[in-house]
Amino acid sequence: MSGLDRTRTAPILAPSLLSSDFSRLGEELEALQSAGLEWVHWDVMDGMFVPNITLGPPIIKKLRKRSNLFFDVHLMIEQPERYLEAFADAGSDMLVVHAEASIHLERTVSEIKRLGMKAGVALNPHTPLDHVHYLLPELDMVLIMSVNPGFGGQSFIPFTLDKVRELAREVTRRDLSTLIQMDGGVSVNNAEELIAAGADVLVSGSDFFGHPPYPERYQTFRRAMDKGAGLAV
Ligand code: DX5
Ligand code: ZN
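Reading the sequence shown from the start, the letters are residues 1 to 233 in the UniProt record's numbering.
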């Protein structure tokens with residue numbers, strides 16, 4: 001059981017395309033959809049906020065035509081406010097910006113919503129929850145990073161679980177519907193514990209894409225996640 005009073009909806013798995021085959025992105029998206037997934041996680045990196053560089057709006061826009069999945073777009077870029085329109089135009093459903101990368105975060109969040117997207121804020125492992133305290137009612141999702149962003153395949157940082165527990169208590173206390181997402185080092189082995197701690201959405205890159213076939217891998221995650229949420233399995 002979750003140990004929380006919050007009414008739990010079925011937890012969501014969002015595979016991170018960072019660990020997919022970039023030369024076959026269209027096919028990968030189709031394979032996720034036919035495996036029964038509903039969300040997909042895009043990691044956008046600029047070589048400044050994080051050391052790595054990945055992809056941007058033109059690629060997402062092209063792939064939007066190939067997929068009905070919910071596009072959860074994680075911006076690991078400096079001053080994300082410069083690109084909100086471009087990501088809206090590309091067909092992003094949810095735009096998640098880092099609190100550390102945007103000085104006028106309230107304005108950035110309002111703008112994301114004005115452009116018709118869901119809005120999320122990500123916190124690096126060491127960033128206190130205070131950064132989203134006042135914004136929480138405006139947010140569709142808070143992403144608690146469980147690794148330092150930039151690369152797939154890193155080890156889960158255990159203290160981030162305390163942040164999830166604390167945030168889940170706060171969301172419940174204030175009777176909000178803000179989703180809690182965790183990203184980094186998520187696996188079938190810790191999925192149950194993360195959901196039980198209060199996470200609603202888990203991102204998985206290497207542990208999902210590294211173990212095909214996707215329908216079976218998704219079901220393995222599903223069982224662990226549903227168990228963590230106290231749902232019948
Ligand atoms: C890391 C990215 C993650 C990454 C997770 O900066 O934000 O989405 O793909 O990869 P794994 O699941 O392999 O830790
Ligand atoms: Zn991510």
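Idealized CB from N, CA, C, for every residue including glycine.
Just so we're clear, the structure is a prediction, and the values are computed from it rather than from any experiment.
Sheet register partners of residue i (DSSP bridge)
i: residue 120; result: 96, 141
i: residue 77; result: DSSP, once it has assigned bridges, lists no residue as partnering residue 77.
i: residue 202; result: 13, 182
i: residue 43; result: 74
Residue i, DSSP secondary structure in three states
i: residue 48; result: coil
i: residue 162; result: helix
i: residue 241; result: This structure does not reach residue 241, given that the chain is present from 1 up to 233, and the question cannot be answered.
i: residue 14; result: strand
i: residue 131; result: helix
i: residue 53; result: strand
i: residue 70; result: strand
i: residue 188; result: coil
i: residue 171; result: helix
i: residue 136; result: helix
i: residue 156; result: coil
i: residue 209; result: helix
i: residue 176; result: coil
Whole-number beta carbon distance between residue j and residue i, since they are thought to touch under 8 Å
i: residue 156; j: residue 190; result: 6 Å
i: residue 149; j: residue 108; result: The Cβ separation is near 17 Å, so there is no contact.
i: residue 46; j: residue 12; result: At roughly 26 Å, the Cβ-Cβ gap does not stay under 8 Å, so residue 46 and residue 12 are not in contact.
i: residue 95; j: residue 122; result: In fact, because the Cβ distance is near 11 Å, the residues do not count as touching under 8 Å.
i: residue 187; j: residue 153; result: Not a contact, Cβ separation roughly 11 Å.
i: residue 139; j: residue 74; result: With 8 Å as the limit, residue 139 and residue 74 do not qualify as a contact, their Cβ atoms being about 14 Å apart.
Neighbour-count burial assignment, residue i, 16 or more Cβ in a 10 Å radius
i: residue 22; result: exposed
i: residue 312; result: The structure shown does not extend to residue 312, since the chain is modelled only from 1 to 233, so the question has no answer here.
i: residue 219; result: exposed
i: residue 232; result: exposed
i: residue 130; result: exposed
i: residue 198; result: buried
i: residue 159; result: exposed
i: residue 62; result: exposed
i: residue 57; result: buried
i: residue 228; result: buried
i: residue 3; result: Model confidence at residue 3 stands at a pLDDT of 41, short of 50, so the residue's coordinates are unreliable; what they give is reported in the following sentence. By the 10 Å Cβ count, residue 3 comes out exposed.
First and last residue of the uninterrupted beta strand (DSSP E) at residue i
i: residue 181; result: 179–183
i: residue 90; result: It is not in any beta strand (DSSP E) - residue 90 carries neither H nor E in the DSSP assignment.
Boundaries (first-last residue) of the alpha helix (DSSP H) holding residue i
i: residue 21; result: Note, residue 21: premise wrong, no alpha helix (DSSP H); not H, not E.
i: residue 110; result: 105–114
i: residue 194; result: 191–197
i: residue 215; result: 214–228
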